[in-house]
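Report on one structure; see the data block that follows.
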Amino acid sequence: MHILQNNKLKIAVKNIGAELCEISSIKNKTPFMWDANPNVWNSYAPNLFPIIGALKNDTYLFENKKYNLPKHGFVRHSKNIKLQKQTENSLTFVLFYDEESLKSYPFKFEFYITYLLVDNNVQVIHSVKNCDDRTMHFSVGGHPAFKCPVFENENYSDYSLEFEHVENAKTHLINMNNGLISSKTEPILENSDNIKLTHDLFKRDALVFKDLKSKKVTLKSKLNGNILSVSYHDFPYLGIWAKPEGDYVCIEPWLGIADSENTNQDFKTKEGILHLQAGKTFEASYTIEINNNHLV
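Per this note's numbering, residue 1 is the first one in the sequence shown, and the count goes up by one each step.
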C-alpha cells in the first residue's frame with residue numbers, strides 16, 4: 001500500500017493493479033470511496049488497459065491471429081506493476097510489457113499511471129508509450145467507485161448525478177448474457193442535467209454514454225449538497241455503474257468501449273480504439289474533486 005496526504009486529503013493506492021483504494025478527509029476522516037465489500041463487488045477503482053469492457057468471446061483478431069484478453073484488460077489484476085517514482089504529492093506506477101503480456105497483447109509498451117494530489121483534487125494521469133516498431137492499438141480508462149450514501153443520515157435515493165450541461169443523451173444497452181453493446185438504446189437524459197440514483201437503475205448493467213456534451217459530473221446529496229465531481233475532458237465515453245445491491249456508484253471515463261454484438265473482432269477497427277505510432281507517447285487524465293465543505 002502506498003499513501004499520499006496533504007492538509008485536506010489522504011489517498012491510498014494498492015500494489016496490485018496500482019488501484020486507488022482510498023480518498024478520505026484528513027480532518028474528519030470521512031471516506032469517499034467504496035470499501036470493496038467482497039460480498040458485493042471487491043474492487044475500488046480498477047485501471048483499464050489495453051481494453052475497456054468485454055470482447056466478444058474474450059477474443060480479438062490482429063493481423064489474422066487470435067488473441068484473448070479478459071474484460072477490462074490485464075492491468076487491474078497485475079502484480080507486475082511497480083511504483084516507479086514518489087514525490088511529496090504524487091505516485092507514479094509503471095507496467096512494462098513482457099513475454100507473458102505479448103501472448104495476449106502483441107505490442108511492446110510501457111503503461112504509466114500517476115496519482116497527483118493537489119489541494120482537494122486527485123488527478124489520475126494515464127501515459128502509454130509505444131516501444132514497438134509498428135502502430136499500437138489500445139484503449140484506456142478509469143473505473144472509480146464512490147461511496148453512496150456518504151453520510152449516516154442518508155439513503156441511496158437521496159443522491160443524484162448532475163452533469164455540467166443540459167443533455168439529450170441515450171444509454172447504449174448491454175447484452176446481459178455476454179457484456180457486449182447491443183443495438184438497442186434508451187433515453188436517459190431528456191433535456192435534463194440530472195440522473196436520480198436508484199438501485200434499480202443498474203438492473204441492466206451500466207449506463208453507457210457516447211455523446212455527452214458534459215465533461216464533468218457531480219455526485220450530489222439532497223441533504224448534504226455536492227459531494228464530489230469527476231472531470232474527464234480527455235475521454236469521449238462515460239460509463240455509470242454499480243451492482244444493484246451496492247451502496248456506491250462508479251463514474252467511469254473511457255477512451256474505448258466494449259465490443260458491439262455485431263463486431264467482426266478486428267482490433268484495428270474496434271470502436272473507440274486508439275492508434276499510437278511507433279515510439280510515441282499518449283497521455284490522458286481525469287480529476288476527482290472533493291467538495292471542500294466535507295473536508296472541515
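From the three backbone atoms N, C-alpha and C, an ideal C-beta is built for every residue, glycine too.
Since the structure is predicted, the reported quantities are computational estimates derived from the model, not experimental observations.
Per DSSP, L295 is not a residue of any alpha helix (DSSP H), being assigned neither H nor E.
Around the CB of M1, fewer than 16 other CB atoms lie within 10 Å, so the residue is classed as exposed. Closest option to W34, judged by alpha-carbon separation, among F282, T263, V249 and S260: V249.
Between N194 and D132, the alpha-carbon positions lie close to 44 angstroms from each other. Nearest to F62 by alpha-carbon distance, out of E283, S104 and K210, is S104. Bounds of the beta strand (DSSP E) holding L207 are L207 to F209. Collapsing the DSSP output to three states places K216 in a strand. Shortest Cα-Cα distance from L238 to any of A258, I227, N226 and D247 involves A258.
Counting every other CB atom within 10 Å of its CB across the protein chains shown gives K65 a total below 16, marking it as exposed.
Here F32 is buried: its Cβ has 16 or more other Cβ atoms, across all protein chains shown, within 10 Å.
Nearest neighbour of L102 by Cα position, chosen from S24, N68, I273 and L173, turns out to be N68.
Note: T92 is bridge-paired with K85 and T114 in the DSSP secondary-structure output. Note on F151: under 16 other CB atoms within 10 angstroms of its CB, so exposed under the neighbour-count rule.
Secondary structure note for L161: its beta strand (DSSP E) is the uninterrupted segment Y159 to I174. With fewer than 16 other beta carbons inside 10 angstroms of its own, G279 counts as exposed. Cβ-Cβ distances below 7 angstroms link E167 to L189, S192, D193, L212, K213 and S214 in the same chain, with the five nearest sequence neighbours on each side left out; the list follows chain order.
Here DSSP, grouped into helix, strand and coil, assigns G141 to strand. For the set C148, H165, K147 and F202, the Cα lying nearest the Cα of I174 is the one of F202.
The C-alpha of L207 is placed about 5 angstroms away from the C-alpha of I240.
Per DSSP, the continuous alpha helix (DSSP H) segment holding K103 begins and ends at E99 to S104. The C-beta distance from S43 to A145 rounds to 7 angstroms, short enough to fall under 8 angstroms. Pairing I125 with E283 gives a Cβ-Cβ distance under 8 angstroms.
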